[in-house]
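Here's the structure we're looking at; comments come further down.
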Amino acid sequence: MKILIIGGGNMGMTYAESFLRSHITSKDDMMILEKATDKTSGLIKMDIGTIHLHPEECMKRADLIILAVKPQDAPALFEQIKPMADPQQVFLSIMAGVKIQTISAGLGVKKIIRAMPNLPAQIGMGMTAFTSSDEVTRIELVMVQNLLNTTGKTVYVENESAIDAATAISGSGPAYVWYFMNALIQAASGMGFNPSEAELLVSQTFRGAIELYSKSNLSCEEWIDKVCSRGGTTEAALHTYRENAVHQDIMTGAVAALHRAVELGKGG
Ligand SMILES: NC(=O)c1ccc[n+]([C@@H]2O[C@H](COP(=O)([O-])OP(=O)(O)OC[C@H]3O[C@@H](n4cnc5c(N)ncnc54)[C@H](OP(=O)(O)O)[C@@H]3O)[C@@H](O)[C@H]2O)c1
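For any residue, its number in my numbering is found by taking its place in the sequence shown, counting from 1, and adding 15.
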């Protein structure tokens, strides 16, 4: 299967490297189309497949075409590649907020898979939600899921609106975690730890808590109960968080992200 990745940026290269690392495809079957001439020599040095500047050189040879340009570049890209798009080709879009219907109308094709990955995909720890148009066959869907699985975990959702929800939870989610980490790092610094000690205390605490959580059947609330003793230090912190409605604020923030994802999907 020949794969063409359009957009040799952060996500495009994450995909190319993940596919090759997992040996799910070979360099001979990988093509990258990038419009930025200043980036192509760097891409050639990465030795990840053939690098192209013009769609005429590579579009027709691809079985799977991955759309990895910024959403605002989509209309110009559609116009450029529409004459070469073949209805038998499968298109996998990772562009945030760009709907299957928009891609279908823009390219005149029907086999479309829409995915929402997140940044930890760069290290094979990503979370990707994906959905597809009815015209994508079961075999094609499994093939694409296998490719996406090389970047972390995946979940198939029936309804495209769940992609907006996934954008608000797992797409933006790493930033919420880093926001919480940053506050704790600042608190640790304020308590006298030097920057590297503060970073180590916090990052290892997050890593340990997440590993423990994922290796057990306990819920977050049950784990909190295990750390909290009546009148203890953890309870003092959680009491303050509850008084300040931090839990509610985190939920409200995620809902704001969902509203924004929906708005962007409407071209807002
Ligand atoms: N980064 C994330 O965590 C993340 C998570 C989920 C989804 N996404 C989605 O992934 C997509 C790519 O994001 P990114 O961070 O990888 O962006 P990026 O680093 O800017 O990469 C996009 C690349 O595509 C190139 N490009 C634009 N139009 C093109 C065209 N017509 N033909 C060929 N190449 C073209 C751009 O060149 P120029 O620089 O010259 O414009 C750029 O090199 C976005 O749609 C984003 O919504 C990203």
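Positions of the beta carbon are idealized from the N, C-alpha and C atoms, including for glycine.
Ile109 sits in coil when the DSSP states are folded into three classes, being neither helix nor strand. Looking at the DSSP output, Phe145 shares a beta bridge with Ala130 and Tyr171. Membership of Thr65 in any alpha helix (DSSP H) is not indicated; the residue belongs instead to the beta strand (DSSP E) covering Thr65 to His67. In its chain, beyond the 5 residues on either side, Ala269, Ala272, Leu273 and Ala276 have a beta carbon closer than 7 Å to the beta carbon of Ala183. For Met74, the number of other beta carbons within 10 angstroms of its own is at least 16, and it is reported as buried. Under the Cβ criterion (8 Å, minimum of three pairs), the stretch 125-142 counts as touching the stretch 97-114.
Using a Cβ-Cβ distance cut-off of 8 Å, the stretch 83-93 and the stretch 19-26 are in contact, since at least three pairs of beta carbons, one from each stretch, lie closer than that value. Taking a C-beta distance under 7 Å as the contact criterion, Phe34 and Leu163 do not qualify as a contact pair. Per DSSP, Met140 lies in no beta strand (DSSP E) segment and is marked neither H nor E. In this structure the stretch 53-73 does not touch the stretch 191-208; the number of beta carbon pairs closer than 8 Å is below three.
Segment contact: the stretch 53-65 against the stretch 107-117, fewer than three CB-CB distances shorter than 8 Å; contact not assigned.
Shown here, Ile118 sits in a helix according to DSSP, grouped into three states. Within the chosen limit of 6 Å, ligand 1 does not reach the beta carbon of Leu273 with any heavy atom. In the DSSP assignment, Leu279 is bridged to no other residue.
Residue range Pro210 to Ser229 is occupied by the alpha helix (DSSP H) that includes Ile225, with no beta strand (DSSP E) assigned at that position. A distance below 8 Å between beta-carbons, with the five flanking residues on each side excluded, links Ser204 to the following residues of its chain, in chain order: Pro210 and Ala213. Contact check for Gly141 against Thr166 passes: the beta carbons are separated by less than 7 Å. Looking at the DSSP output, Ile96 sits in no beta bridge, so it has no partner there. Of the candidates Met158, Lys97, Ala31 and Glu155, Lys97 places its Cα closest to the Cα of Thr117. Gly186 is not a Cβ neighbour of Met266, given a cutoff of 7 Å. Using a 10 angstroms sphere on the CB of Asn232, the tally of other CB atoms stays under 16, which defines it as exposed. Taking each of His38, Ile200, Met45 and Asn174 in turn and checking the Cα distance to Asp78, the smallest one comes out for Met45.
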